[in-house]
Amino acid sequence: MPVFKRKYRSGQTVWFYEFNGPGSTREARNRITGSGFATKREAEEAETNRRTEDRDKEIMAKAGGPVDAPLPKTLTMLLEEFFRQHADEKLAPKTAERYHQHAECLDPALLKMAITDITPLHLDREWGRLLKSGGHHRKTKAARPLSTKTVRSIAGVVSSAFAKAIKWGLVTVNPVTASEPPIPKKRKGIGLTVAQKDMLIDAA
Numbered sequence: 001m002p003v004f005k006r007k008y009r010s011g012q013t014v015w016f017y018e019f020n021g022p023g024s025t026r027e028a029r030n031r032i033t034g035s036g037f038a039t040k041r042e043a044e045e046a047e048t049n050r051r052t053e054d055r056d057k058e059i060m061a062k063a064g065g066p067v068d069a070p071l072p073k074t075l076t077m078l079l080e081e082f083f084r085q086h087a088d089e090k091l092a093p094k095t096a097e098r099y100h101q102h103a104e105c106l107d108p109a110l111l112k113m114a115i116t117d118i119t120p121l122h123l124d125r126e127w128g129r130l131l132k133s134g135g136h137h138r139k140t141k142a143a144r145p146l147s148t149k150t151v152r153s154i155a156g157v158v159s160s161a162f163a164k165a166i167k168w169g170l171v172t173v174n175p176v177t178a179s180e181p182p183i184p185k186k187r188k189g190i191g192l193t194v195a196q197k198d199m200l201i202d203a204a
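Counting in our numbering, the sequence shown runs from 1 upward without gaps.
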């Protein structure tokens, strides 16, 4: 245990503890200290309690908060919980980042709605809005349409969040499955005849 004894000029002797807190590095140390203890045992017990307290805080921070934290009620809260519990923990960093970017495209009014109040009609209106003006130009920030593929990906994120909400017992249905997100047009492939393939090979 990193506990130490200090003697003041007055002759009084006290014990204190000191250790590196979570996230400390050689370049940036987060010193955790406590002093004023009459005995070594008191300093050791105080240090153990402080280490336990800091470890519990770190665990709760990674888990997104204490177990008895308020349950998600709005779409914003549901997406945040979904990101903490699933996307940020289990998906590749780039994929998780894309999920967050998709969520940022959603209308603030929809995000504020209670998840139990959201219907397929609300979502169909949102898919239409995203197709018309869901994006923005990087330079001018002016609204611009989003592609059908992007809007469908956004719908996929919302659907995944609602699927988790059903498992968590927050809702009974997934309104996204009854909505109609746009379907990207399939590109038609062109097949070459044997003669055309031979010509292509000869030309090469």
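Heads up, the beta-carbon is just placed ideally off N, CA and C, and yes, glycines get one too.
Only exposed fits A178, as fewer than 16 other CB atoms lie within 10 angstroms of its CB. With a cut-off of 8 Å on Cβ pairs, the stretch 77-87 is not in contact with the stretch 126-144, counting fewer than three such pairs.
Taking the Cα positions, F82 is about 10 Å away from P72. Taking the Cα positions, I115 is about 13 Å away from S160.
With a minimum length of 4 residues, the unbroken runs of alpha helix (DSSP H) contained wholly in the stretch 93-158 fall at 93-104, 108-112, 120-133. In the DSSP assignment, T177 falls outside any beta strand (DSSP E), carrying neither H nor E.
In its chain, beyond the 5 residues on either side, N174 have a beta carbon closer than 7 Å to the beta carbon of A163. CA-to-CA, the gap between E44 and Y8 works out to about 20 Å.
Pairing L131 with P182 gives a Cβ-Cβ distance under 8 Å.
Collapsing the DSSP output to three states places N20 in a strand. For S160, the three-state secondary structure derived from DSSP is helix.
A Cβ-Cβ contact shorter than 8 Å links S133 with P145. Between V171 and A165, the CB-CB gap stays under 8 Å. Listed as beta-bridge partners of R6 by DSSP are V14. In its own chain, leaving out the 5 sequence neighbours on each side, no residue places its CB closer than 6 Å to the CB of R98.
In terms of CA proximity to N20, D54 leads the group D54, R41, F37, E42. When DSSP states are grouped into helix, strand and coil, T33 belongs to the strand group.
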